[in-house]
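Colleague: Per this note's numbering, the very first residue in the sequence shown carries number 6; after that it's consecutive.
Every residue gets a Cβ at the ideal spot worked out from N, C-alpha and C, and that includes glycine.
As the structure is a prediction and not an experimental result, all values here were calculated from the model.
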Amino acid sequence: MDTSIVFLHIAVILTTAHLLAELAGKFGMPTVIGELAAGIVLGPSLLGWITPNEIIHLLAEIGLILLLFDVGLDTDVGRLINAGPRAAIVAIGGFVVPFLLGFLLTHYAFGFSMLVSLFIGGTLTATSIGVTVRILRDVGRQNSHEGQIVLGAAVLDDVLGVLLLAVLYEFSVSGEVSLLNVAKVTMFVGVFFFTAPLAAKLISSLIRRLEHVSRVPGVIATTISSLVLAFAWLAHAIGAPELLGGFAAGLALSRRFFLPFGIAIATHPRFSHHIDLSMRPIIELFSPIFFVTVGLSLDLRAVEWQSSFIWTFSLSILFVAIAGKLAGGFMLRREHPLTRTAIGMSMVPRGEVGLVFAGLGQAAGVFGPQVYAGVIIVIAYTTLLAPFWIKSFYKRYGNRPQLFETAGETTVDGSALRPAAE
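Written out as structure tokens, the structure is:
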């Protein structure tokens with residue numbers, strides 16, 4: 006292998022991803038869409054300049070692990086608890102409904118195997134908390150009643166999604182679906198999530214002391230990166246996907262992590278912020294490679310666009326993707342219909358989490374070209390158009406704050422809210 010060509014490929018990948026991400030941002034779209042588009046442009050779908058090799062796949066996997074670390078680090082378990090049962094209802098409803106509908110539709114209506122249908126259902130479950138937070142911030146509703154429910158539900162969605170991904174990963178490795186595999190992965194994940202945070206908290210204390218005495222620059226970035234990769238190895242060693250290790254490391258180093266029996270292990274907010282600032286350049290270096298690789302693995306030329314299958318399949322799971330999340334919002338029966346609609350719409354974007362599911366399914370050989378293309382189309386569509394739907398919704402109904410209120414909370418401007426019929 007000519008390593009100089011690999012250097013050129015990586016340079017082209019990073020440059021193109023950055024340029025298209027900037028372009029996407031200028032048009033009000035999530036940057037992940039630009040990075041995905043970079044892979045489509047550079048790959049077999051259009052120019053055919055780059056074919057991923059082992060080195061690019063390795064860098065993409067590191068990017069995926071760091072991406073899940075970032076998701077875990079941004080996960081505020083305290084916010085989830087404060088959001089209360091409403092967030093749990095929305096998250097569980099918005100997780101179970103699209104998963105079951107996606108599985109049943111593709112398994113029985115389209116005749117896919119159980120493993121393929123499970124992966125498709127899993128792809129439709131998780132909400133992109135990054136896209137959702139940005140949308141709510143843009144419309145000034147991140148601190149509102151429905152905004153807190155959405156953010157809490159999105160946090161729980163991420164946790165449930167990663168756990169489901171661990172189970173599906175085991176299915177793809179073993180090649181079969183069995184209750185024994187489910188029990189094994191569940192046990193491993195439970196043990197891992199119980200012990201890993203304790204280890205991470207101990208190490209984080211050592212890092213803080215080391216930072217005060219070390220004369221070597223970048224000690225936090227180096228040590229945390231080593232910790233994340235070590236957790237990834239540990240996760241693989243116990244039979245879970247490596248990305249679960251990255252997620253656990255980030256979750257453990259987040260501001261507050263709760264263990265069973267109400268035990269809380271807190272990290273000082275300044276230190277968590279310091280970790281985020283130190284790791285941000287590394288995450289932003291590697292994570293685009295993962296999203297570009299997802300686009301590189303998609304060959305739109307191989308898709309039979311004249312076939313009715315791709316359109317029927319894509320539209321069917323798109324309906325499930327949207328309806329499933331709306332159903333989660335409408336499970337809050339005592340909220341106003343507009344509030345339920347706002348919550349459900351805010352949970353629609355799939356973004357990076359959906360791409361993780363799709364990428365793993367494609368890499369494991371679960372998805373064929375047609376199915377993979379259909380899944381990517383749906384993820385891109387929900388991520389791309391949801392911001393416009395939500396902004397349009399609030400532009401039309403946002404002047405009716407009484408419809409988005411509940412007892413004991415305040416609006417963004419701090420004004421009191423009237424009790425809701427809860």
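#1: Hey, proline 354 and valine 136: beta-carbon distance below 7 Å or not?
#2: Helix, strand or coil, according to DSSP, for tryptophan 310 in the structure here?
#3: Going along the chain, which unbroken runs of the alpha helix (DSSP H) with 4 or more residues stay wholly within the stretch 336-381?
#4: Can you find the residues in the same chain that come closer than 8 Å, C-beta to C-beta, to isoleucine 322, ignoring five residues on each side of it along the sequence?
#5: Could you check how far apart the C-beta atoms of leucine 41 and valine 299 are, in whole angstroms? I think they sit under 8 Å.
#6: How is arginine 146 classed by DSSP in three states: helix, strand or coil?
#7: Give me the residue from Leu203, Ala254, Ile225 and His14 with the minimum Cα distance to tryptophan 238.
#8: Does methionine 433 come out as helix, strand or coil in the three-state DSSP assignment?
#9: Can you confirm whether the stretch 8-19 touches the stretch 40-58 when touching is taken to mean that 3 or more C-beta pairs between the two stretches lie within less than 8 Å?
#10: Give the C-beta separation of aspartate 79 and alanine 131 to the nearest angstrom, bearing in mind that I take them to be a contact with Cβ-Cβ under 8 Å.
#11: Confirm, please, whether the CB-CB distance from isoleucine 225 to serine 283 is below 7 Å.
#12: My guess is that tyrosine 399 and leucine 343 are in contact by the Cβ rule of under 8 Å, so how many angstroms apart are they, rounded?
#13: How long is the line joining the alpha carbons of alanine 159 and isoleucine 70, rounded to whole angstroms?
#14: In whole angstroms, give me the CA-to-CA distance for glycine 370 and leucine 248.
#15: Which same chain residues end up closer than 6 Å to leucine 72 when comparing Cβ atoms and leaving out the 5 residues on each side of it in sequence?
#16: What separation, rounded to the nearest whole angstrom, lies between the Cα atoms of glycine 267 and alanine 368?
#17: Would you mind sorting lysine 330 into buried or exposed? The rule is 16 or more other CB atoms within 10 Å of its CB.
#18: How is threonine 137 classed by DSSP in three states: helix, strand or coil?
#19: Give the straight-line distance between the Cα atoms of alanine 269 and leucine 28, rounded to the nearest whole angstrom.
#20: For arginine 401, name the three-state secondary structure that DSSP assigns.
#21: Should isoleucine 395 be labelled buried (16 or more other beta-carbon atoms within 10 Å of its own) or exposed?
#22: Excluding sequence positions up to five away, which residues of its chain have a Cβ less than 6 Å from the Cβ of glycine 99?
#23: Which residues in the same chain as phenylalanine 115 place their Cβ atom closer than 7 Å to its Cβ, once the five residues preceding and following it in sequence are excluded?
#24: Quick check: the Cα distance between threonine 21 and arginine 338, rounded to an integer number of angstroms?
#25: To the nearest angstrom, report how far apart serine 149 and histidine 62 are at their CA atoms.
#26: Less than 7 Å between the beta carbons of proline 103 and valine 358, yes or no?
#27: Along the chain, where does the alpha helix (DSSP H) that runs through serine 302 open and close?
#28: How would you label threonine 228, buried or exposed, when you count the other beta carbons within 10 angstroms and need 16 or more for buried?
#29: Can you give the Cα-Cα distance for glutamine 375 and serine 313, rounded to whole angstroms?
#30: Once DSSP output is grouped into helix, strand and coil, what is the label at leucine 19?
#31: Examine chain B for any beta-carbon lying closer than 7 Å to the beta-carbon of glycine 379, and answer yes or no.
#32: Rounding to the nearest angstrom, what Cα-Cα distance links isoleucine 97 and alanine 347 in this structure?
#33: Which value, in whole angstroms, describes the spacing of the CA atoms of alanine 92 and phenylalanine 12?
#34: When the distance is taken between beta carbons, is alanine 65 closer than 7 Å to phenylalanine 295?
Modeller: Looking at the atomic coordinates:
#1: The answer is yes: Cβ separation under 7 Å.
#2: Tryptophan 310: coil per DSSP, three-state reduction.
#3: 342-351 and 356-368, all fully within the stretch 336-381.
#4: Take isoleucine 322, set aside five residues on each side of it, and the residues of its chain with a beta-carbon closer than 8 Å to its own are Gly107, Leu110, Thr111, Ile125, Leu129, Gly379, Val380 and Val383, in chain order.
#5: Contact holds; Cβ gap of about 6 Å.
#6: In this structure, DSSP gives arginine 146 a state outside helix and strand, which the three-state scheme calls coil.
#7: It is Ala254.
#8: As displayed, the chain neither begins before 6 nor continues past 427, which places residue 433 out of reach and without an answer.
#9: The answer is yes - the stretch 8-19 touches the stretch 40-58, with three or more Cβ pairs under 8 Å.
#10: With a Cβ gap of about 14 Å, aspartate 79 and alanine 131 do not count as contacting.
#11: Going by C-beta atoms, serine 283 is nearer than 7 Å to isoleucine 225.
#12: At roughly 10 Å, the Cβ-Cβ gap does not stay under 8 Å, so tyrosine 399 and leucine 343 are not in contact.
#13: Taking the CA atoms as reference points, alanine 159 sits about 20 Å from isoleucine 70.
#14: Whole-angstrom Cα-Cα distance: 18 Å.
#15: Excluding positions up to five away in sequence, the list reads Ser292.
#16: Only weak support is given to the placement of glycine 267: the predicted model assigns it a pLDDT of 39, under 50, and the value that follows is read from those uncertain coordinates. So the alpha carbons of these two residues sit roughly 39 Å apart.
#17: Around the Cβ of lysine 330, a 10 Å sphere holds 16 or more other Cβ atoms; the residue is buried.
#18: Secondary structure of threonine 137 (DSSP, three-state): helix.
#19: Because alanine 269 sits at a pLDDT of 41, beneath the cut-off of 50, its placement in the model cannot be relied upon, and the following sentence gives the value as read from the coordinates. For alanine 269 and leucine 28, the distance between alpha carbons rounds to 42 Å.
#20: Helix.
#21: Its Cβ being crowded by 16 or more others within 10 Å, isoleucine 395 is buried.
#22: These residues qualify, in order along the chain: Lys330, Gly333 and Met352.
#23: Only Phe318 meet the Cβ criterion.
#24: Between threonine 21 and arginine 338, the C-alpha separation is close to 46 Å.
#25: Their backbone Cα atoms lie some 41 Å apart in a straight line.
#26: Their beta carbons are not under 7 Å apart, which means proline 103 does not touch valine 358 by this criterion.
#27: Premise fails: serine 302 is in no alpha helix (DSSP H) and is neither H nor E.
#28: Threonine 228 is buried by the Cβ-count criterion.
#29: Rounded to whole angstroms, glutamine 375 to serine 313 spans 11 Å at the Cα level.
#30: Residue state, collapsed to three classes: helix.
#31: You won't find chain B in this structure, because it holds only one protein chain.
#32: The alpha-carbon separation between isoleucine 97 and alanine 347 amounts to approximately 17 Å.
#33: Each residue's alpha carbon lies about 46 Å from the other.
#34: Cβ atoms of phenylalanine 295 and alanine 65: closer than 7 Å.
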